[in-house]
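Q: In full-length UniProt numbering, the protein residues as written are 1 to 859. All C-beta atoms, glycine included, are put in the ideal place defined by N, C-alpha and C. Computed from a prediction, not measured in an experiment: that's the story for all the values here.
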């Protein structure tokens, strides 16, 4: 329990402020379930449309506090756009395949289906108890055959276009879960699921050719500028990692076939002094096999050691350089130099072509390796020369060093520091005197003219490895024939259903359990009628989530994956809400599949999510919540103790959406008290619904209409905490008008109460509905159109300024409308509520936007 709620009993919460919170919640949940007011309108609905979607949950148990935050934010947005007159689609489903369910089933000795669907039932009940306004007519589960049939259909369409293929290559292998992992599923060298150290293993696997879309995935990020968090855009750019340079063909002595190397610096070819291949590449194995027995032995020992290292470890710049000389030589294509070939772990098999030309004078990793093994270092860029103006005549001495330049400054072999700056080319034949940019252009021209290379691009992005050697996933719909062909299962035979788990040993052992399902694996070659075997692997669950937003548009359609007409109407998603932890994994794959579907003519857009909202985490005592750490706040406990509305308001008020919220700072008790005050305001209203608001108290009406005017932009900027603060201000002003002002019969009091109910619906829908009923209206306040602000009431001599401390609203101040920033900051600092909030912390930054906002940041 949190420190602010540990003394509050569930019974006390139910009767907080004289209102039976749980009875109110149960009443409206039952009516929502009966009337289904939040179902999206059909084709005949002429309202403009908004598609709101929260990243769907994995059913690993009941909802947790991260879910509470995520689905609160998506619900606020959905409810807001309904009030604004939009036909809103806000669906829910479950990402229900995957390792956690399978591992739990193995541990308990049960079928993963039972574990999965019982958890889904629990989460469904919790969502209803939380008051989330989902369209419950569109529920989907990715582990239903009715869903994964279309995963298989999608696989076949990609296969037809050459975007799904099978190859043998080194893969990331989790020895604990006994399955392969995509690069994105390896975090700091460990399996993101179980934490085991990942090793390399050579396997034949299925891939999606996402690299064919690398340029578009990178360039189209420009469309998302200003609509996605900049951090996410930059993470995707870095992951795709486009490099521009040249493919250069090197001859290997004694080998007929040339080896191609990618380099971003073809201008430095004259400075290449050795050649490095990835030890786990086919080329390294081939070259070692043709070497002497002692080299083969040393290489094999080295390879076994490298295979136990993660890519993170191999790429670390501060670790000692290791390698094995293969006693073979490559020929530099521009000067004929013999370059000794080494196998070294700092080169990766899947980067470029698995080999690099080493230019130690101008690359720090190459230099560190050269110094470790006493290899030649040749300077080809004079970093002391100016790069502007006319090309200078550079006079070299007999050692190839520009005359008048201290040799020590240009000798990385002695200094240990590579020369990576701009400068002029030296010791480079026809490139001498050119700047880096011009030299790169000239070098590529020379390579193309001589037929020894060509302009090229390389990407950090690798093809998407989708094979998994586990049971609980979508079966890959391919057949292996007796004559060695691989053929797709025909569309009319989809879905290829998973067999029953009973009788199968699901424990991970390096091969998919499906291979042991004797009857299931037997199939027929559709081309010849001869026996064939089903592919035993299942798909990565990120395939499930790469297109699910489209299935929501027609989730029960048995004739197609999704309706293109519905996609034209609803998609792309207008607002997508979820954690930043999915910035690469899920979002990149969804973007790729969307572009592939666009190329197939099935959708008319190229980006799946127009606007992205990332929420922070809910933490406890500064640390991430964890069962093992014993610092878990249980979602259901909070519902029982305080009710959904108090939890929702407390989370919304806790701080900016993108910030982490420490549960110790989240006041559910304070939220309960606020909701009780709002209900009492509604109860105290004595005027008739037909009263003329314009005849009411002008000062209260100004507060009401300021909220009506300001709330839309605040919601669109996801400043939900500020809207809650303004609601609290309106409730307090209304209470004051009832108790000491115009009284409960004043039309302005009714107007304020009605506006409170309407806006409160975003955050506390049960309480809002109860207020709306008390005020004499039929359900549902969640469907009431947003009222327009009276512009004449917005012209005033005083305004309300919001004061935030570290993103949290701590006070509101009534100040002159024309107050300057200096005076506003002075008043904010002197307010006792702000003084208490600051404590003894130092204000390191004050942002003042007179007359509305003061924001203090502390340390």
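On the premise that residue 613 lies in contact with residue 718, defined as a C-beta separation below 8 Å, what is that separation, rounded to the nearest angstrom?
A: With a Cβ gap of about 6 Å, residue 718 and residue 613 count as contacting.
Q: As a quick exercise: from 653, 57, 149, pick the residue whose alpha carbon is nearest that of residue 91.
A: Residue 91 has its Cα closest to that of 57, out of 653, 57, 149.
Q: From residue 776 to residue 608, what distance separates their C-alpha atoms?
A: Computed Cα separation, rounded: 43 Å.
Q: Would you report the Cα separation of residue 786 and residue 760, rounded to the nearest angstrom?
A: Residue 786 and residue 760: Cα-Cα distance of roughly 12 Å.
Q: If I follow the unbroken alpha helix (DSSP H) through residue 585, where does it start and stop?
A: Where residue 585 is concerned, the enclosing alpha helix (DSSP H) stretches over 585 to 599.
Q: For residue 677, which residues from the same chain have a beta carbon less than 6 Å from its beta carbon, with the 5 sequence-adjacent residues on both sides left out?
A: 731, listed in sequence order.
Q: Less than 8 Å separating the beta-carbons of residue 474 and residue 543?
A: Yes, they are a contact pair.
Q: So that I know if they touch, is there some Cβ in chain C lying closer than 8 Å to that of residue 707?
A: Judged by its chain identifiers, the structure shown contains no chain C, having just a single protein chain.
Q: Looking at the structure shown, is residue 55 part of a helix, part of a strand, or coil, going by DSSP?
A: Note: residue 55 maps to coil in three-state DSSP.
Q: Can the beta-carbon of residue 635 be found closer than 8 Å to that of residue 65?
A: Yes, these two residues count as a Cβ contact at 8 Å.
Q: Report all residues from its chain with a CB closer than 6 Å to the CB of residue 137; omit the five preceding and five following residues, and keep chain order.
A: Cβ neighbours of residue 137 beyond the five flanking positions: 39.
Q: First and last residue of the alpha helix (DSSP H) that includes residue 378?
A: No alpha helix (DSSP H) contains residue 378, which DSSP labels as neither H nor E.
Q: Between residue 309 and residue 60, what straight-line distance do the alpha-carbon atoms span, to the nearest angstrom?
A: Their backbone Cα atoms lie some 31 Å apart in a straight line.
Q: In whole angstroms, give me the CA-to-CA distance for residue 93 and residue 545.
A: The straight-line gap from Cα to Cα measures roughly 10 Å.
Q: Quick check on residue 372: does DSSP put it in helix, strand or coil?
A: It is helical.
Q: For residue 651, which residues from the same chain have a beta carbon less than 6 Å from its beta carbon, with the 5 sequence-adjacent residues on both sides left out?
A: Hits under 6 Å: 69, 72.
Q: Between which two residues does the beta strand (DSSP E) holding residue 66 run?
A: Per DSSP, residue 66 belongs to no beta strand (DSSP E); it is in the alpha helix (DSSP H), 65 to 83.
Q: Quick one, which of 316, 328, 340, 344 has its alpha-carbon nearest residue 305's?
A: Of the candidates 316, 328, 340, 344, the one whose C-alpha sits nearest the C-alpha of residue 305 is 344.
Q: Going by beta-carbon coordinates alone, are residue 332 and residue 272 separated by less than 8 Å?
A: Yes, Cβ-Cβ distance for residue 332 and residue 272 is below 8 Å.
Q: What's the C-alpha gap between residue 541 and residue 554?
A: For residue 541 and residue 554, the distance between alpha carbons rounds to 21 Å.
Q: How many Å lie between residue 28 and residue 523 at the Cα?
A: In a straight line, the C-alpha of residue 28 is about 53 Å away from that of residue 523.
Q: Would you tell me roughly how many angstroms separate the C-alpha atoms of residue 337 and residue 432, rounded to the nearest one?
A: Roughly 18 Å separates the two Cα atoms.
Q: Enumerated in chain order, which unbroken segments of the beta strand (DSSP E) with a length of 3 residues or greater are wholly contained in the stretch 330 to 369?
A: Runs found: 338 to 344, 355 to 358.
Q: For residue 754 and residue 722, what's the separation of their Cα atoms in angstroms?
A: Cα to Cα, residue 754 sits roughly 20 Å from residue 722.
Q: Under a three-way DSSP split, which group does residue 438 fall into?
A: If DSSP states are grouped into helix, strand and coil, residue 438 belongs with the helices.
Q: Taking the straight line between their C-alpha atoms, what separation do you get for residue 124 and residue 33?
A: Whole-angstrom Cα-Cα distance: 12 Å.
Q: By the 10 Å Cβ neighbour count, where 16 or more other Cβ atoms means buried, how is residue 79 classified, buried or exposed?
A: With 16 or more other Cβ atoms within 10 Å, it is buried.
Q: Anyone know if the C-beta pair for residue 380 and residue 335 falls short of 8 Å?
A: No. Outside cutoff.
Q: Comparing C-alpha positions only, which one of 537, 521, 437 sits nearest to residue 466?
A: Checked all of 537, 521, 437; the closest Cα to residue 466 is 537.
Q: Measuring straight from C-alpha to C-alpha, what distance separates residue 277 and residue 194?
A: Straight-line Cα distance between these residues: approximately 32 Å.
Q: Could you say which of 190, 162, 158, 164 lies nearest to residue 172 if we only look at CA atoms?
A: Closest option to residue 172, Cα to Cα, is 190.
Q: Any chance you could list the beta strand (DSSP E) runs of at least 3 consecutive residues sitting entirely within the stretch 493 to 537, in chain order?
A: You should have 522 to 524, 531 to 534.
Q: Please say whether residue 120 and residue 766 have beta carbons closer to each other than 8 Å?
A: No; because the gap between Cβ atoms is not below 8 Å, this pair is not in contact.
Q: Classify residue 205 as helix, strand or coil using the three-state DSSP reduction.
A: Strand at residue 205.
Q: Straight-line CA distance for residue 792 to residue 741?
A: Taking the straight line from one Cα to the other gives about 22 Å.
Q: Identify which residue in 852, 653, 510 has its Cα closest to the Cα of residue 204.
A: With distances taken between Cα atoms, residue 204 lies closest to 510.
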